[in-house]
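Novice: Have a look at the structure that comes next, please.
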Ligand SMILES: [Zn+2]
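Given below as structure tokens:
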């Protein structure tokens, strides 16, 4: 599928290497800023400024009601190719760039334990290289770089998609750091998140319980109801919940209870159908306990569509460019982290795993909404030690030193070369689009999010997002291996 374009690949690689320092400068700054979702003010501004400096136009900002989102555009006309940027950090994962659990000396407790500092700078590095190459070679088309906030809150790309940000693309590329090298050619689940809040009446639990109506009992009934529901839904579905608020004193009938709830299903239709069932159970629990329920949709995401045509094109480059070559110091840095957390001391990945070829997994991602707008493919590039899960201080450490630097540069190379294919190979674009049409059933994309913008703020109770997919990929038995 990939054109024989050795000269083009050589030149695009030179362009990536030429912005290598810029890539690492962005990654280091965003690592140091370590801003949480919806709060990525400095990170978002720093990265969009680099794009502007290199001739990109910020054509949109504040998309989907998210202040830190933007679209940077280069060139004009067809084809239109997108690249996804992320930059949000996680709470309590701040760490010095050392192989031991060492909180940052500057007191910042957030950290890039999922490597979104690398995602943004690698994606932008690829875009800068592509822009320069297109200008030099007179390659026509439009390159759109999407600044996507709050991935950890599953509240970025999905709301941007609802606002129409990804319409009109011919294809879109992304990547994620991981302990392994492979492709994001996966079918993740669709998901929808809710707050269910019951309001009852408080009373002295010993003296006058008959005056009270317990919101906590409503929450208990609700959870019993959804656990009964499990038997009658597809085995691919998942339901998870926590009770962040269930009263504050044992001798007071709780007048308020809150459940954070996630439903996942194999596709959007399944989510839409069964979320209504879940809402009915919440209402039933309120009726039974003489309380009142308020349900609030926090976010929702589509399942991720695989795309074999794009995967095949990207895999060519993964193999052509090869896995990162690590120094002995980097391997021993990784082994120290593994030793500290009691994992096998296997160091960093030195091979490329086979293409997962659209395997279905239980996790979800806001990339799903992009993948229902346009053919979408991602690279997964080794940038932290084997056996270490994402959202770990060991990942934060690696993403602030040379291991992360090598990973992000490799990712920029893979994305730039695949991007070049998409701009110059119409056959690849048509094949990707034909497969997209078949897999999506030709249905126009309609967001699963109930609101037009995320409700905002920081919701530690539902940190999640596509990082689960990194866990899934890391743990997946690659069938062909
Ligand atoms: Zn992530």
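Numbering (the numbering used here), first residue to last: 58 to 538. Where is the CB? At the ideal position from N, CA and C, for every residue including glycine.
Evaluate contact between the segment 404 to 418 and the segment 232 to 249, counting only Cβ atoms and requiring at least three cross-stretch pairs below 8 angstroms.
Specialist: Yes, since at least three Cβ pairs between the segment 404 to 418 and the segment 232 to 249 fall closer than 8 angstroms, the two stretches touch.
Novice: Please work out which residues of its chain come closer than 6 angstroms, Cβ to Cβ, to residue 81, disregarding the five sequence neighbours upstream and downstream, and give them in chain order.
Specialist: Around residue 81: 462.
Novice: Among 187, 357 and 479, which has the Cα closest to the Cα of residue 424?
Specialist: Measuring from the Cα of residue 424, the nearest candidate turns out to be 357.
Novice: Rounded to whole angstroms, what's the CA-CA distance from residue 394 to residue 236? Just pull it up for me.
Specialist: So the two alpha carbons sit approximately 13 angstroms from each other.
Novice: Are residue 477 and residue 485 closer than 8 angstroms when you measure CB to CB?
Specialist: No.
Novice: Distance check for residue 344 and residue 107, CA to CA, integer angstroms please.
Specialist: Going by the C-alpha atoms only, they are around 56 angstroms apart.
Novice: Could you please give the first and the last residue of the uninterrupted alpha helix (DSSP H) stretch that includes residue 88?
Specialist: Counting along the chain, the alpha helix (DSSP H) containing residue 88 begins and ends at 77 to 90.
Novice: How long is the line joining the alpha carbons of residue 320 and residue 360, rounded to whole angstroms?
Specialist: Rounded to whole angstroms, residue 320 to residue 360 spans 12 angstroms at the Cα level.
Novice: Do the CB positions of residue 142 and residue 198 come within less than 8 angstroms of each other?
Specialist: No, the Cβ-Cβ distance between residue 142 and residue 198 is not below 8 angstroms.
Novice: Less than 8 angstroms between the beta carbons of residue 111 and residue 175, yes or no?
Specialist: Contact: no.
Novice: Excluding the five sequence neighbours on either side, which residues of its own chain have a C-beta within less than 8 angstroms of the C-beta of residue 276, listed in chain order?
Specialist: 253, 255, 300, 303, 314, 315, 316 and 342, listed in sequence order.
Novice: Do three or more CB pairs link the segment 468 to 475 to the segment 372 to 379 at distances below 8 angstroms?
Specialist: A contact exists between the segment 468 to 475 and the segment 372 to 379.
Novice: Counting Cβ pairs closer than 8 angstroms, one from the segment 80 to 95 and one from the segment 489 to 508, do we hit at least three?
Specialist: Result no; under three Cβ-Cβ pairs closer than 8 angstroms.
Novice: Provide the residue span of the beta strand (DSSP E) that contains residue 455, from first to last.
Specialist: Residue 455 -> not in any beta strand (DSSP E); alpha helix (DSSP H) instead, spanning 450 to 455.
Novice: Would you kindly report the start and end of the unbroken alpha helix (DSSP H) that includes residue 101?
Specialist: Taken as a continuous stretch (DSSP letters only), the alpha helix (DSSP H) holding residue 101 covers 98 to 110.
Novice: Taking residue 271 as the reference, give the member of 370, 348, 339 and 407 with the closest Cα.
Specialist: It is 348.
Novice: Skipping 5 residues on each side, what residues in its chain have a beta carbon closer than 7 angstroms to that of residue 312?
Specialist: Closer than 7 angstroms at the Cβ level, and outside the excluded window around residue 312, lie 256, 257, 258, 259 and 272.
Novice: Quick one: what does DSSP say residue 73 is sitting in, helix, strand or coil?
Specialist: Looking at residue 73 - three-state DSSP - the assignment turns out to be helix.
Novice: Residue 253 bridges to which residues according to DSSP?
Specialist: DSSP lists 316 and 352 as partners of residue 253.
Novice: I'd like the ranges of any beta strand (DSSP E) spanning at least 3 consecutive residues and lying wholly in the segment 418 to 506.
Specialist: Those beta strand (DSSP E) runs which fall completely within the segment 418 to 506 and span 3+ residues are 433 to 439.
Novice: Tell me the DSSP secondary structure of residue 362 in three-state form.
Specialist: Note: residue 362 maps to coil in three-state DSSP.
Novice: Can you tell me whether residue 159 is buried or exposed? The criterion is at least 16 other CB atoms within 10 Å of its CB, across all chains shown.
Specialist: Looking at its Cβ environment, which holds fewer than 16 other Cβ atoms inside 10 Å, residue 159 is exposed.
Novice: Bridge partners for residue 247 per DSSP, in chain order?
Specialist: The partner list for residue 247 (beta bridge, DSSP) reads 322.
Novice: Can residue 96 and residue 83 be called in contact, C-beta distance under 8 angstroms?
Specialist: Contact flag unset, no.
Novice: Within the segment 251 to 310, note down every full alpha helix (DSSP H) run reaching 4 residues or more, in order along the chain.
Specialist: 272 to 286, all fully within the segment 251 to 310.
Novice: Using CA atoms only, rank isn't needed, just tell me which of 368, 278, 369 and 325 is closest to residue 340.
Specialist: The candidate whose alpha carbon is nearest that of residue 340 is 278.
Novice: Which residue marks the beginning of the alpha helix (DSSP H) containing residue 389, and which one marks its end?
Specialist: Note, residue 389: alpha helix (DSSP H), 385 to 397.
Novice: Tell me the DSSP secondary structure of residue 173 in three-state form.
Specialist: Three-state DSSP puts residue 173 in a helix.
Novice: So is the beta-carbon of residue 208 under 7 angstroms away from any non-hydrogen atom of ligand 1?
Specialist: Yes, the beta carbon of residue 208 sits closer than 7 angstroms to at least one heavy atom of ligand 1.
Novice: For the alpha helix (DSSP H) holding residue 219, just list the boundary residues, first then last.
Specialist: Element bounds for residue 219: 214 to 219.
Novice: Is the closest heavy atom of ligand 1 to the C-beta of residue 169 under 7 angstroms?
Specialist: Answer for residue 169: no, Cβ out of range of ligand 1.
Novice: Look up residue 375 in the DSSP assignment and say whether it is helix, strand or coil.
Specialist: Here residue 375 sits in helix by DSSP.
Novice: Could you check where the beta strand (DSSP E) with residue 131 kicks off and where it finishes?
Specialist: Its beta strand (DSSP E) spans residues 127 to 133.
Novice: Helix, strand or coil: which one does DSSP assign to residue 232?
Specialist: If DSSP states are grouped into helix, strand and coil, residue 232 belongs with the strands.
Novice: Can residue 280 and residue 138 be called in contact, C-beta distance under 8 angstroms?
Specialist: No, they are not a contact pair.
Novice: State yes or no: is the C-beta of residue 261 nearer than 7 angstroms to some heavy atom of ligand 1?
Specialist: No, ligand 1 has no heavy atom inside 7 angstroms of this Cβ.
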